[in-house]
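2 protein chains.
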Amino acid sequence: MTARSSGPMFDKLALIGIGLIGGSIALDARKRGLANKIVAATRSAETAATANRLKLADHCGTDLAAACQDADLVIVCTPVGACGAAAQAIAPVLKPGCIVSDVGSVKQAVIADMAPHIPKGVHFVPAHPVAGTEYSGPEAAILDLFQDRWCILTPLPDGDPAAADRLEAFWKALGSEVNRLDPANHDRILAITSHLPHLIAYTIVGTADDLGGHLNSEVLKYAAGGFRDFTRIASSDPTMWRDVFLNNREAVLEVLQRFQEDLFYLQRAIRWGEGDKLFELFNRTREIRRALIHLHQA
Amino acid sequence: MTARSSGPMFDKLALIGIGLIGGSIALDARKRGLANKIVAATRSAETAATANRLKLADHCGTDLAAACQDADLVIVCTPVGACGAAAQAIAPVLKPGCIVSDVGSVKQAVIADMAPHIPKGVHFVPAHPVAGTEYSGPEAAILDLFQDRWCILTPLPDGDPAAADRLEAFWKALGSEVNRLDPANHDRILAITSHLPHLIAYTIVGTADDLGGHLNSEVLKYAAGGFRDFTRIASSDPTMWRDVFLNNREAVLEVLQRFQEDLFYLQRAIRWGEGDKLFELFNRTREIRRALIHLHQA
């Protein structure tokens, strides 16, 4: 569990994408001295300018390939839907032995999109730091975002074990607990713990907004206990989340179907006044919270 | 907006039910010197003993009527489903001029249950402090729970205006902002801002739990961003919430129907890969959050 802190782990770290996640990795890696050089690149000149103003990396440009020249570790921190194109853009300059990783909330689709572009001799180790806030962009970058959070690695079966170990050490140095999962299993678990809750939050805030008329301002006014949490979740980055749902379609549709069945069960219980069915569930979910707190995750 | 702070507003305050809400009212009223005597009663001897050990009120007994003897303000702080029986139990001892109120999250059903029992000369002013935590029982009582939160009064058309004004002054003295709504309107607004979010949170936590097998511990382990908030909401008091859904049935079923339609719309968009529909909603809900923050409620 103890993180290495003596000397940089990598000579050059390149970050493709410099928003909330990329920017926070840059800040954290510099603070902890994990790389001699930290270079970033993003397609948006405006975003690059902001990142440079905030001094997130040593330098942030708009040429993805140039940033990866001589890099020892490249982390693609774009929305999931842009990972494939990013891999394609940087592939020609990746040096042998370089580790390429990502931070995507979906793993199977990202692997399918990125892996074909990774040159022989370059080590692709997919990863997902389970951390973030509802803010996005370079201004959202903060120190210690990954401290005490999980980072899930989904190494490829034919990947280099030493590269996975080095990436694991990097994330541990950022303060994360690292675990390894099969990509399909990752996508199923995240579908229920993260993707579905976000979809629900987006939906309910939209439903409330649509109630329209005078109710609208009243809805906002009394938005307490419950709705307020949902509006926070539903203010997360639209591009990132659109990509998540499009790229984890099967797993999201599967848990959505189960959720709908369960919701109809409660809807029917309310309609028929079956209080015991409601109480039974409400009592059970309370126990789950206790289990979570016991796991120090809440 | 300034609260009266000079001298007690009421000689004797009686609280029927001494959990999170009743206990917090007791603590706050004493701290602010709003009543000379604060007496509580609850049907459970165990709860009464806890309340006495914590010194929430001057005294807490188990005889509801005895607690209300000579009271100037009685606030029924039981779950919504128990308000009618509480009103019936205390009715014989209520003195003329006494104000009877409640704290229920549903107003039409509570009014229908309580109003028939209120004697002539006693003033019934229904109220709903929009405040709380996911904890319950006397141990959950905390000071300043109502500070900067809304309290919604739903006075009856034939009620005494002076009594409503006195209750409003009481809640303002507890630090709340007070607003008045028609009971039906209150129930519709709360159905979308509070009741539906709670139902959804209960459902999704149950769905996750049901995924079963090895997924279960993994679900708990990686319960971050999204699910964690839901487990907190879904750990709220089961009895209170069962009563809310049974007693605000029509409004909850109405918003639930709208929510289901909206969710199916997104489900279909995911299935057909219609990213623009997802992005449009996700972008819109982000604006709603900004409006909320602007209203200083977030």
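Sequence lines, in order, name chains H and V.
Under the working numbering, the letters of the first sequence match residues 447 to 744, in that order.
Under the working numbering, the letters of the second sequence match residues 447 to 744, in that order.
Even for Gly, the Cβ is constructed at its ideal location relative to N, Cα and C.
Contact check, V:Leu-519 vs V:Leu-473, beta carbons under 8 Å
V:Leu-519 is not a Cβ neighbour of V:Leu-473, given a cutoff of 8 Å.
Starting from the beta carbon of H:Asp-628, find every residue of chain V whose beta carbon is closer than 9 Å, and list them in chain order.
Under the 9 Å cutoff, chain V gives no residues; its nearest Cβ is about 11 Å from H:Asp-628.
With a floor of 4 residues, list each alpha helix (DSSP H) that falls wholly inside the region 624–700 of chain H, ordered by position along the chain.
629–636, 642–656, 661–667, 673–679 and 684–693
Quick check on H:Gln-593 - is its C-beta less than 8 Å from some C-beta in chain V?
no
Can you list the residues of chain V that H:Thr-649 reaches, using a CB-CB cut of under 7 Å?
Phe-705, Asp-708, Leu-709 and Leu-712
Out of V:Ile-536, V:Val-571, V:Thr-579 and V:Val-624, point me to the one whose CA is closest to V:Ala-508's CA.
One point to set straight first is that residue 508 of chain V is Thr, not Ala, in the sequence displayed. Out of V:Ile-536, V:Val-571, V:Thr-579 and V:Val-624, V:Ile-536 has the C-alpha closest to the C-alpha of V:Thr-508.
With distances taken from CA atoms, which of H:Asp-516, H:Ala-647 and H:Ala-737 is nearest H:Asp-675?
H:Ala-647
Do H:Leu-712 and H:Leu-702 have their beta-carbon atoms positioned less than 8 Å apart in this structure?
no
With a CB to CB cut of under 8 Å and the five nearest residues on each side skipped, what residues in its chain are close to V:Thr-600?
Lys-553, Ile-557, Pro-572, Ala-573, His-574, Arg-626, Leu-627, Asp-628, Pro-629 and His-632
How should H:Glu-614 be labelled, buried or exposed, when 16 other C-beta atoms within 10 angstroms of its C-beta is the threshold for buried?
buried
Please list, in chain order, all residues of the same chain as H:Pro-538 whose beta carbon is under 7 Å from its beta carbon, the five residues on each side excluded.
Same-chain partners within the cutoff: Ala-511.
Check the Cβ-Cβ distances between H:Pro-643 and every residue of chain V, and say whether any is below 8 Å.
yes
Residues of chain H with CB under 8 Å from V:Asn-498, in chain order?
Correct list: empty, because the minimum Cβ distance to chain H is about 26 Å.
Could you please tell me which residues of the region 598–624 of chain V, in chain order, have their CB closer than 8 Å to any CB of chain H?
Ile-598
Just how far apart, CA to CA, sit V:His-402 and V:Gly-543?
Residue 402 of chain V lies beyond the residue range present for chain V, which begins at 447 and ends at 744; the question has no answer from this structure.
Chain V contact residues for H:Phe-728, given Cβ-Cβ distances below 7 Å:
Neighbours of H:Phe-728 in chain V, taken as residues at a C-beta separation under 7 Å, are given in chain order as Tyr-648, Pro-684, Trp-687 and Arg-688.
DSSP has H:Cys-597 in a bridge; who is on the other side?
Answer is H:Pro-575 and H:Val-624, bridged to H:Cys-597.
Looking only at its own chain, which residues have a Cβ that is under 8 Å from the Cβ of H:Ser-547, when we skip the five neighbours before and after it?
Leu-519, Val-520, Ile-521, Val-522, Phe-570, Val-571, Pro-572, Ala-573 and Leu-613
Are the beta-carbon atoms belonging to H:Ser-622 and V:Gly-672 less than 8 Å from one another?
no
Please state the DSSP three-state secondary structure of H:Ala-513.
helix
When you compare each of V:Pro-684, V:Ala-654, V:Phe-705 and V:Lys-667 to H:Ala-654 by their alpha carbons, which one comes out closest?
V:Phe-705
Chain-order list of residues whose beta-carbon lies under 6 Å from that of H:Gly-468 (same chain, five-residue window excluded)
Cβ neighbours of H:Gly-468 beyond the five flanking positions: Leu-461 and Cys-523.
Return the CA-CA distance between H:Gly-479 and H:Pro-607, expressed in angstroms with no decimal places.
24 Å
At 4 residues or longer, what runs of the alpha helix (DSSP H) sit wholly inside the region 493–557 of chain V?
When DSSP assignments are scanned along the region 493–557 of chain V, the uninterrupted stretches of alpha helix (DSSP H) that are 4 or more residues long and fall wholly within it turn out to be 510–514 and 529–536.
Would you list the one or two residues that DSSP bridges to H:Ile-484?
Answer by DSSP bridge pairing, in chain order: H:Leu-459.
Kindly indicate which residue of V:Ile-716, V:Phe-616, V:Gly-578 and V:Thr-731 has the alpha-carbon position closest to the one of V:Ser-681.
Checked all of V:Ile-716, V:Phe-616, V:Gly-578 and V:Thr-731; the closest Cα to V:Ser-681 is V:Gly-578.
Report the rounded CA-to-CA distance for H:His-505 versus V:Thr-731, giving the unit in angstroms.
34 Å
Minimum C-alpha distance to H:Asn-729 - residue among V:Ser-582, V:Lys-541, V:Lys-458 and V:Gly-567:
V:Ser-582
Can you look up V:Phe-592 in the DSSP assignment and give me helix, strand or coil?
coil
Taking the DSSP output, what are the residues bridged to V:His-569?
V:Ile-545
Consider the Cβ of H:Gly-424: report whether some Cβ of chain V lies at a distance smaller than 8 Å.
The requested residue 424 of chain H is not part of the displayed model; chain H covers only 447 to 744.
Where the alpha helix (DSSP H) containing H:Ile-734 begins and where it ends:
Its alpha helix (DSSP H) spans residues 721–740.
Beta-carbon neighbours of V:Asp-745, restricted to chain H and to distances below 7 Å:
Lying before the first or after the last residue shown, residue 745 of chain V is absent from chain V, which here runs from 447 to 744.
Would a check of beta-carbon distances place H:Arg-489 closer than 8 Å to chain C?
Looking at the structure shown, chain C is missing, and the protein chains on hand are H and V.
Quick one: give me the first and last residue of the alpha helix (DSSP H) that V:Arg-476 is part of.
466–477
Using a beta-carbon distance below 8 Å, is H:Leu-657 in contact with chain V?
Taking 8 Å as the CB threshold, H:Leu-657 lines the interface with chain V.
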